[in-house]
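Numbering-wise (our numbering), the sequence shown opens with residue 20 and increments by one.
Here a beta-carbon is modelled for each residue, glycine too, at the ideal position from N, C-alpha and C.
Remember, it's a predicted structure, so these values are computed and weren't measured experimentally.
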Amino acid sequence: MNQLSLIQIERKTTQVRPGCCHIPNWLSLREQQKLLALLREWCAGSFWAPKMPNGTSTNQPLCGLSLNWKPHEYVETTHPSPLRLQFLVNRVLGETLPQYQHSTLPDVAIVNYAPSPAVDIEMRSRSVVVMGSHSRMAFHGITKIVLDSAPLELGMKIDRLSIPVRQARRGVA
């Protein structure tokens with residue numbers, strides 16, 4: 020454990036706005052370790068930086084699971100949408116937006132690698148943000164990442180890992 024993970028701060032689930040929930044401390048250390056190991060396996064050698072319409076590359080390399088994101092479109096990948104990730108999405112929807120739990124089948128996950136400095140909700144290891152309903156298309160960003168807050172047991176050599184998961188195709192559920 021690192022110093023920040025020794026500090027126990029009471030943080031509560033917050034509805035930021037309709038359809039947007041912040042859930043601190045959602046994943047246990049063991050769940051984080053399992054998910055990180057799976058992500059390393061799923062994304063091995065597959066990170067890339069798509070080109071924006073103006074010809075510049077995105078600031079963060081990403082890896083698409085099932086579908087890859089390109090500006091304004093999704094394209095097929097060789098990586099299937101992992102069942103473990105679908106299970107986690109179903110679990111978090113059940114806890115936050117239960118009306119979507121059984122009607123949402125995520126068919127794309129975009130794993131973002133963000134080198135420092137990562138730049139609107141304080142996120143620490145174990146945090147989850149759910150954006151659905153009225154917030155699904157809202158512009159969003161994280162203003163603060165607490166450095167060195169990930170447990171050392173994760174063995175992460177990067178500063179931030181985020182995994183947006185969404186349903187891109189209509190009628191797949």
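May I ask you to report which of helix, strand or coil DSSP gives residue i?
i, result
"T115", "helix"
"K53", "helix"
"W61", "helix"
"L81", "strand"
"N109", "helix"
"L173", "helix"
"L86", "strand"
By how many angstroms is the C-alpha of residue j removed from the C-alpha of residue i?
i, j, result
"R36", "W45", "19 Å"
"P43", "R145", "6 Å"
"A56", "E50", "10 Å"
"M150", "R103", "20 Å"
"Q118", "E60", "32 Å"
"P101", "L116", "21 Å"
"H91", "L81", "15 Å"
"R30", "N109", "23 Å"
"L124", "Q105", "7 Å"
Buried or exposed: where does residue i fall if 16 or more other Cβ atoms within 10 Å of its Cβ makes it buried?
i, result
"W67", "exposed"
"D167", "exposed"
"H41", "buried"
"G64", "exposed"
"V147", "buried"
"V94", "exposed"
"G83", "buried"
Tell me the residue span of the beta strand (DSSP E) that contains residue i.
i, result
"T33", "T33 to R36"
"M150", "V147 to M150"
"H41", "C39 to I42"
Counting contacts by CB-CB distance shorter than 9 Å, is residue i in contact with chain C?
i, result
"L104", "Among the chains of the structure shown, chain C does not appear; only one protein chain is present."
- Task: Tell me, please, whether the region 122-129 touches the region 87-104 by the rule of three or more beta-carbon pairs shorter than 8 Å.
- Result: yes
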